[in-house]
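With positions in the sequence shown counted from 1, the corresponding number in the working numbering is that position plus 4. Beta carbons: idealized from backbone N, C-alpha and C, even for Gly. This structure is a prediction, so every number in the text was calculated from the model and none was measured. Here's the structure we're looking at; comments come further down.
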Amino acid sequence: MTAGLRLCGVRLWLQDAPLIERLDLALGAGEVATLMGPSGVGKSSLLAFLCGTLDPAFRAEGQVLIEDRDVTSLAPEHRRIGILFQDDLLFPHLSVGGNLGFGLPASLRDRAARRARIDEALVEADMAGFADRDPATLSGGQRARVALMRLLLSDPKLLLLDEPFGKLDADLRERFRHFVFDHAARRKLPVLMVTHDIQDAPEGGQVIRLESLTPSPNGIGLRR
Numbered sequence: 005m006t007a008g009l010r011l012c013g014v015r016l017w018l019q020d021a022p023l024i025e026r027l028d029l030a031l032g033a034g035e036v037a038t039l040m041g042p043s044g045v046g047k048s049s050l051l052a053f054l055c056g057t058l059d060p061a062f063r064a065e066g067q068v069l070i071e072d073r074d075v076t077s078l079a080p081e082h083r084r085i086g087i088l089f090q091d092d093l094l095f096p097h098l099s100v101g102g103n104l105g106f107g108l109p110a111s112l113r114d115r116a117a118r119r120a121r122i123d124e125a126l127v128e129a130d131m132a133g134f135a136d137r138d139p140a141t142l143s144g145g146q147r148a149r150v151a152l153m154r155l156l157l158s159d160p161k162l163l164l165l166d167e168p169f170g171k172l173d174a175d176l177r178e179r180f181r182h183f184v185f186d187h188a189a190r191r192k193l194p195v196l197m198v199t200h201d202i203q204d205a206p207e208g209g210q211v212i213r214l215e216s217l218t219p220s221p222n223g224i225g226l227r228r
């Protein structure tokens, strides 16, 4: 398996209450794993732990490796993890191009080079010529594509999805889902997705089901 994401002995608590007793996961480059379970079992909190943004009310332990690099103790900005949420979180005071530019590395200072990267991203999203548009004028599908391309411009090594398809209608949901997975596969990005809809899970991908946890005799609170 090409190195992607590895979770080793990850445990999660809310104060003293265990949410995840143990999670071990190996996810190759370009592969998608789907995380499912009822509300309150720690799905989104697990993503926050991976990002380094876990709320202080929670406690976690275990190891997070991306491309065989241990990122467990790194600051969020050094982990190179991108995350998409249910809301697109576009900045209303910036143009579409301005939103995309926000994802570019600060080290890319040349204005022409930045504009070229933005234009390339818009072509890839089938939105050529939209750089100067106000995000408020975009459709839901267009906004979702801009949010993904902004994330990809930051050159992440891991893509996390926290129910990003949840507010889309059935047809748009399916099209955007394929758009996300296709772009992740092209870049060989491992993807860990939280969803309540099994239809979101790609065929052949891992599905991990978390349950409301009553500690079992062997200490495993995970069912695959």
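Using 8 angstroms as the threshold, is the C-beta distance between Leu31 and Gly8 below it?
It is a contact, given that the beta carbons lie within the stated cut-off.
Between the Cα of Gln146 and those of Arg121, Asp114, Arg179, Glu167, spot the shortest distance and give me the residue it belongs to.
Taking only the C-alpha atoms, the option nearest Gln146 is Arg179.
Excluding the five sequence neighbours on either side, which residues of its own chain have a C-beta within less than 8 angstroms of the C-beta of Leu172, listed in chain order?
Excluding positions up to five away in sequence, the list reads Gly144, Gly145, Ala148, Phe180.
Buried or exposed: which applies to Thr141, given that a residue is buried once 16 or more other Cβ atoms fall within 10 Å of its Cβ?
The residue is exposed, with fewer than 16 neighbouring Cβ atoms inside 10 Å.
Please state if the CB of Ala135 and the CB of Arg123 are separated by a distance shorter than 8 angstroms.
Going by the sequence as given, residue 123 is Asp instead of Arg. For Asp123 and Ala135, yes; Cβs fall inside 8 angstroms.
Do Leu243 and Leu214 have their CB atoms nearer than 8 angstroms?
In this structure the chain extends from 5 to 228, so residue 243 is not present and cannot be described.
Cys118 and Gly105: beta carbons closer than 8 angstroms?
The sequence shown places Arg at residue 118, rather than the Cys named in the question. Yes.
Report buried or exposed for Thr218, applying the criterion of at least 16 other Cβ atoms within 10 angstroms of its Cβ.
Below a pLDDT of 50, predicted positions are generally treated as unreliable, and Thr218, at 45, falls in that range; the measurement from the model is reported next regardless. Its Cβ having fewer than 16 others within 10 Å, Thr218 is exposed.
According to DSSP, simplified to helix, strand and coil, what is Thr141?
If DSSP states are grouped into helix, strand and coil, Thr141 belongs with the helices.
Assuming Arg83 and Cys55 are in contact, meaning their beta carbons sit under 8 angstroms apart, how far apart are those beta carbons, in whole angstroms?
Contact flag correct, Cβ pair sits at about 7 angstroms.
Taking Gly46 as part of the alpha helix (DSSP H), name the residues at either end of that continuous run.
Careful: Gly46 lies outside any alpha helix (DSSP H) and carries neither H nor E.
What residue range does the beta strand (DSSP E) around Phe62 cover?
Where Phe62 is concerned, the enclosing beta strand (DSSP E) stretches over 62 to 70.
Could you spell out where the beta strand (DSSP E) holding Gly86 opens and where it closes?
Start and end: 85 to 88.
Let's test the definition: count the other Cβ atoms within 10 Å of the Cβ of Glu207 and tell me whether it reaches 16, buried, or not, exposed.
Exposed, by the Cβ-count rule.
Phe169: buried (16+ other C-beta within 10 angstroms of its C-beta) or exposed?
By the neighbour-count rule (16 or more Cβ atoms within 10 Å), Phe169 is buried.
Spell out the partners DSSP gives Thr38 in its beta bridges.
DSSP output for Thr38 lists Met197, Val211 as bridge partner(s).
Do you know offhand how far Phe96's Cα is from Gln90's?
The sequence given here has Pro at residue 96, not Phe. Approximately 17 angstroms, taken between the alpha carbons.
Express the C-alpha separation of Ser43 and Arg228 in angstroms, rounding to a whole number.
Per-residue confidence for Arg228 stands at a pLDDT of 37, beneath the threshold of 50, marking its modelled position as unreliable; no derived number is given.
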